[in-house]
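Peer 1: The structure follows.
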Amino acid sequence: MSQTERTRLELYQRQLNAVYKDSPWHSFQHVLQGVKPEEAAWKPPYYKGFPWMSGSILDIAFHVAGDVSFQLSYALGDRSLTWEKLTEDFKARGGDLKSALVMAEESFLELQKVLDGLTDKDLARRHKTPDGKKEQTLEEFIQMLLEHYIYHAGQIMYVRCLWDGQRKSEK
């Protein structure tokens, strides 16, 4: 593969590394540093979101880990991975933050491996989204996953601030 066949993909790979682990400010891994089990399990009061989520850092971390694998299964795999399977696996591993972080690392490595095998030409390939209602290109898919890490890193940071604020107000 020549350098010009992977110019955009190499940019996406650098961005993936930044949003997942390399950015000292906003990476998914960075915002989770130092989170204790009690903080991870804490559920913000008045949370309004998906009915299957509580707004806890633990839920968010598991969601990020699972969704990357789930999305990859639908975009490039056999579409057999379900949230039920992901949840069973998570619980079998302990259902805690450590388990979510291991799953996040596995899905990150899975995504890196996929990107390693693509060329810029592949970015135009189209596939159906998991709900089957839309189509998107692989480039749109990759951009969505990058945004997903950033979005949830910010969400985790916000929940950490709420947690800290509540602890301080109780003193």
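Mind the numbering: the sequence shown is residues 10 to 180 in our numbering, read in order.
We put the beta carbon where it would ideally sit given N, CA and C, even for glycine.
As the structure is a computational prediction, the values presented were derived from the model and not from experiment.
Phe-37 and Val-77 look like a contact to me (Cβ under 8 Å); what is the Cβ gap, rounded to whole Å?
Peer 2: On the sequence shown, residue 37 is found 28 positions in, with the first residue counted as 1. On the sequence shown, residue 77 is found 68 positions in, with the first residue counted as 1. Between Val-77 and Phe-37 the Cβ distance is about 10 Å, and since that is not below 8 Å, they are no contact.
Peer 1: State the CB to CB distance for the pair Glu-48 and Arg-169, rounded to an integer number of angstroms; the pair is presumed to be in contact (CB under 8 Å).
Peer 2: Counted from its first residue, the sequence shown places residue 48 at position 39. Counted from its first residue, the sequence shown places residue 169 at position 160. Indeed, because the Cβ distance is near 7 Å, the residues count as touching under 8 Å.
Peer 1: Any idea if Phe-118 is buried or exposed, counting beta-carbon neighbours within 10 angstroms, 16 or more meaning buried?
Peer 2: Here the question's residue 118 lines up with position 109 in the sequence shown. Note on residue identity: the sequence assigns Leu, not Phe, to residue 118. Its Cβ having fewer than 16 others within 10 Å, Leu-118 is exposed.
Peer 1: Is His-4 helix, strand or coil by DSSP?
Peer 2: Residue 4 lies beyond the stretch modelled for the chain, which goes from 10 to 180, so this question has no answer here.
Peer 1: Shortest alpha-carbon distance to Ala-27 belongs to which of Ser-178, Leu-155, Asp-105?
Peer 2: Numbered from its first residue, the sequence shown carries residue 27 at position 18. Minimum Cα distance to Ala-27 is reached at Leu-155.
Peer 1: Our contact map puts Leu-67 next to Ala-109 with C-beta atoms below 8 Å; I'd like the distance itself, whole angstroms only.
Peer 2: On the sequence shown, position 58 is the one that residue 67 refers to. On the sequence shown, position 100 is the one that residue 109 refers to. Between Ala-109 and Leu-67 the Cβ distance is about 6 Å, and since that is below 8 Å, they are a contact.
Peer 1: Pick helix, strand or coil for Thr-146, following the three-state DSSP scheme.
Peer 2: On the sequence shown, residue 146 is found 137 positions in, with the first residue counted as 1. Looking at Thr-146 - three-state DSSP - the assignment turns out to be strand.
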